[in-house]
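Everything in the sequence shown is counted per the numbering used here, starting at 3 for the first residue and increasing by one.
For each residue, glycine too, the CB sits at the ideal point set by N, CA and C.
Shown next, in structure tokens, is the structure this report addresses.
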Amino acid sequence: MQSLIRQLLAELGEDPSREGLLDTPKRVEKALKFLTSGYDRDIDQVLNNALFTVDYSEMVIVKDIDFYILCEHHLLPFFGKCHVAYIPKTKVIGLSKIPRLVEIFARRLQIQERLTSQIADTIREKINPLGVAVVMEATHLCMSMRGVEKQNSFAVTSSMLGAFRDNARTRMEFLELIKLRSAVRVSGDLVESDCVLDE
Numbered sequence: 003m004q005s006l007i008r009q010l011l012a013e014l015g016e017d018p019s020r021e022g023l024l025d026t027p028k029r030v031e032k033a034l035k036f037l038t039s040g041y042d043r044d045i046d047q048v049l050n051n052a053l054f055t056v057d058y059s060e061m062v063i064v065k066d067i068d069f070y071i072l073c074e075h076h077l078l079p080f081f082g083k084c085h086v087a088y089i090p091k092t093k094v095i096g097l098s099k100i101p102r103l104v105e106i107f108a109r110r111l112q113i114q115e116r117l118t119s120q121i122a123d124t125i126r127e128k129i130n131p132l133g134v135a136v137v138m139e140a141t142h143l144c145m146s147m148r149g150v151e152k153q154n155s156f157a158v159t160s161s162m163l164g165a166f167r168d169n170a171r172t173r174m175e176f177l178e179l180i181k182l183r184s185a186v187r188v189s190g191d192l193v194e195s196d197c198v199l200d201e
């Protein structure tokens with residue numbers, strides 16, 4: 003990988019042998035391996051049996067989970083906050099495991115829409131809750147540093163499963179509790195907002 007990075011620097015018009023770039027290939031290799039380390043993580047091992055049987059059927063929310071991801075289209079970062087909720091049927095997940103689950107999928111080349119669905123689908127698969135909701139808000143550097151160069155824009159995606167999809171009051175309670183930065187109104191399958199929610 004380091005030889006490829008040296009070649010890339012040369013193709014960009016740089017001198018890979020100059021002092022400031024001598025260790026760059028090694029640093030970039032280390033950074034890329036860290037930022038894509040989610041491919042090697044086993045979800046069951048990370049959850050580590052932290053699934054507990056409880057008599058609880060109210061909404062569980064872990065919000066404002068920070069994430070930093072490389073976009074698969076330009077290898078530029080996008081970053082923001084993830085909000086996760088579920089309504090248990092018979093089992094709950096240890097609270098610290100939810101940010102770890104987000105990190106597994108965030109440490110891969112990603113698009114925001116897929117990432118949102120992967121988190122929700124995994125929680126549904128592992129504990130079969132009454133419903134799962136995931137909302138992600140992110141700033142994409144491929145939009146702010148290049149292309150349209152809109153520095154203040156951000157993208158919002160959502161995955162609403164089970165009770166969160168079927169029950170508008172449950173969905174609205176979740177959206178109110180996480181207090182999105184932008185005004186979002188959901189009615190059935192209709193979303194009116196200055197950003198996009200992708201179910």
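How long is the line joining the alpha carbons of Ile89 and Lys32, rounded to whole angstroms?
When rounded, the separation of the alpha-carbon atoms in Ile89 and Lys32 is 39 Å.
I need the DSSP call for Tyr41, collapsed to helix, strand or coil.
Three-state result, Tyr41: helix.
What alpha helix (DSSP H) runs, 4 residues minimum, are completely inside the segment 148-178?
As far as the segment 148-178 is concerned, its whole alpha helix (DSSP H) runs of at least 4 residues are 165-168.
Check Ile113 in the structure and name its three-state DSSP category.
DSSP places Ile113 in coil when its eight states are reduced to three.
Apart from the five residues on each side of it in sequence, which residues of its chain come closer than 6 Å, Cβ to Cβ, to Ile100?
Once the five neighbours on either side are set aside, the close Cβ partners of Ile100 are Val64 and Val86.
In the structure shown, what three-state DSSP assignment does Val137 receive?
For Val137, the three-state secondary structure derived from DSSP is strand.
Residue from Asp66, Arg109 and His76 whose Cα sits closest to the Cα of Ser98
Closest by alpha carbon: Asp66.
Report the residue from His76, Glu127 and Asp25 whose alpha carbon sits nearest the alpha carbon of Gly164.
Checking every option, the nearest Cα to that of Gly164 belongs to Glu127.
Could you compute how far the alpha carbon of Arg8 sits from the alpha carbon of Arg109?
Those two C-alpha atoms are separated by around 24 Å.
Among the candidates Phe80, Glu21, Val56 and Arg148, whose CA atom is the shortest distance from the CA of Glu139?
Selected option, being the one with the closest Cα: Phe80.
Kindly indicate the opening and closing residues of the alpha helix (DSSP H) around Pro101.
Counting along the chain, the alpha helix (DSSP H) containing Pro101 begins and ends at Lys99 to Ala108.
Taking Cβ to Cβ, would you say Ile129 is nearer than 8 Å to Arg43?
No; because the gap between Cβ atoms is not below 8 Å, this pair is not in contact.
Residue range of the unbroken beta strand (DSSP E) whose run includes Leu72:
Leu72 -> beta strand (DSSP E) spans Val62 to Leu72.
Apply the 10 Å Cβ neighbour rule to Glu13 and answer buried if 16 or more other Cβ atoms are within range, or exposed otherwise.
Exposed is the call here.
Verify whether the separation of the beta carbon atoms of Ala52 and Ile95 is less than 8 Å.
In contact: Ala52 and Ile95 (Cβ atoms closer than 8 Å).
Under 8 Å between C-beta atoms, does Glu60 make it to chain D?
Absence of chain D from the displayed structure is noted, only one protein chain being present.
I need the straight-line Cα distance from Gln114 to Cys144, nearest angstrom please.
Cα to Cα, Gln114 sits roughly 13 Å from Cys144.
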